[in-house]
Amino acid sequence: ITQATEARHVDYRISPWLRVARSAHETVLVFKGLMPIMELSGNNIVLLIASLSIAVIVGWVLLHLGGKRKTALDPEIFQSFRLIKKEAISHDTRRFTFALQTPETMLGLPIGQHISFRFIDPKDGKMVLRTYTPVTGDDTLGKVSFVIKVYKAGVHPKFPDGGKMSQHLDTLKIGDTMEMKGPKGHMTYWGRGAFKVKPLGKPVSERRAKRFGMIAGGTGITPMLQLIKAIFRDGNDGTAMNLIYANQTEDDILLREELESIARQYPNRFRLHYTLDRPPKDWTHSAGFVNKEMIEANLPGPSQDGSTQILMCGPLPMIKYACLPALKELGFTEDHWFSF
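Going by the working numbering, the sequence shown opens with residue 20, and the numbers climb by one from there.
Okay, here's the thing in structure tokens:
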């Protein structure tokens, strides 16, 4: 067919297939620069225009849909996200769910990172900033959820004003917005035990763990749960985890049902232990502050190769005066732990 069209001695009225062949061949010659566009017949010019149009459309699709997916968060700019659901988890804990830009938008939060919230306090006109870790991640499209404890004013003598941000969140109604920015944080988990940390004032450190020992206090459970869920979502991640979760009372235990469900599902890879300041009479876990004996009994011991890593998140006094001294006594060194 090609030889016939180049020789131009075929009667194209005889075969429509040969007419198509000639049109296609001449169009290819134009694209290759071997034939001036002026020599194309009228039908072939139409074919050329159609080909160019298809190429433009395909290129646009590849550029916009085949590249990196646009995510909801911006690390430099605060954006408003609309509250679409508000649930009472307990007497002082709420689950807030916010809509992302579209139902298909991905959050864009690496494991180990957090999100900043801000609002202007109408009482004094000052900006209030707080950081939270969501309980949903990039695997949940179109929305993001946070479990947040509301610290009411006049409840704790040391904090008479309560928590400004949590009280503000508790006043939000469906349809109201909250400004958020992210991701932010000093730890990023890549998967299969590999992660990096960047403590304040120190260089980046890349580490690899076979076992994570976790110590969480109160709302410090959320970054732990973020990591736990990410590890179990990856069927190739065999990292094991032990968690000590400290609270004042049994009613203060956040996300208890979810944590215990994971422990039942993965009994050999996730072990859960509680400690309470004021336990009930029939309590079977620990009582009191986190200490050396509690860590030794419920978390993996130190390893020479650094494959046992301790993660901590909670009130500063718990970390500074309870966890770190105990870890040092047990032989852990600074490159074996990280505090969110």
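We put the beta carbon where it would ideally sit given N, CA and C, even for glycine.
Keep in mind the model is a prediction, meaning the values are calculated, not measured.
Range of the contiguous beta strand (DSSP E) that encloses residue i
i                 : result
phenylalanine 289 : 289–295
alanine 118       : 112–118
glutamate 198     : 196–203
phenylalanine 357 : 356–358
valine 147        : 146–151
Residues near residue i by beta carbon distance below 8 Å, same chain, minus five either side
i             : result
glutamate 279 : Leu291
valine 75     : Low confidence applies to valine 75: its pLDDT is 46, below 50, so where it sits in the model is not reliable, and the reading given next is rough at best. There are no such residues.
aspartate 354 : Ser224, Arg226 and Gly325
aspartate 270 : Ser109 and His110
Contact test: residue i Cβ vs the ligand GTP heavy atom, cutoff 6 Å
i                 : result
phenylalanine 289 : Because no ligand of any kind appears in the structure shown, any question about the ligand GTP cannot be addressed here.
For residue i: DSSP bridge partner residues
i                 : result
methionine 125    : Thr90
leucine 219       : Looking at the DSSP assignment, leucine 219 forms no beta bridge with any residue, so it has no partner.
isoleucine 130    : Paired residues: none, contrary to the question.
lysine 229        : Lysine 229 is not bridged to any residue.
lysine 168        : Thr112
isoleucine 139    : Met146
phenylalanine 351 : According to DSSP, which records beta bridges pairwise, phenylalanine 351 is partnered with nothing at all.
valine 163        : Phe117
Residue i in three-state terms, based on DSSP
i              : result
isoleucine 263 : strand
leucine 330    : strand
leucine 343    : helix
leucine 278    : helix
glutamine 98   : strand
glycine 210    : strand
histidine 304  : coil
isoleucine 335 : Strictly speaking, residue 335 in this sequence is leucine, with isoleucine absent from that position. Here leucine 335 sits in helix by DSSP.
glycine 236    : strand
Cβ-Cβ separation, residue j to residue i (assumed contact under 8 Å), whole Å
i              : j              : result
isoleucine 263 : methionine 233 : 7 Å
lysine 104     : leucine 273    : Actually they are not in contact, since the Cβ atoms of lysine 104 and leucine 273 sit about 18 Å apart, beyond 8 Å.
methionine 184 : arginine 149   : 4 Å
glycine 239    : cysteine 342   : Actually they do not touch by this definition, with Cβ atoms about 11 Å apart.
Element boundaries [alpha helix (DSSP H), containing residue i]
i              : result
glutamine 245  : 240–252
methionine 184 : 183–190
methionine 392 : No answer is possible for residue 392: the residues shown for the chain start at 20 and end at 359.
Neighbourhood of residue i by C-beta, 6 Å cutoff - its chain only, sequence neighbours within 5 removed
i              : result
methionine 337 : Gly236
glycine 350    : Pro321
tyrosine 293   : Tyr264 and His304
histidine 83   : Low local confidence applies: a pLDDT of 47 at histidine 83 is under 50, so the model's placement there is unreliable, with the coordinate-based value given in what follows. Around histidine 83: no qualifying Cβ.
7 Å CB neighbourhood of residue i in its chain, flanking five on each side removed
i             : result
alanine 107   : Arg113
leucine 160   : Pro122, Glu123, Thr124 and Met125
glutamate 208 : Checking the sequence shown, residue 208 turns out to be tyrosine, not glutamate. Ile130, Gly131, Phe214, Leu246 and Ala249.
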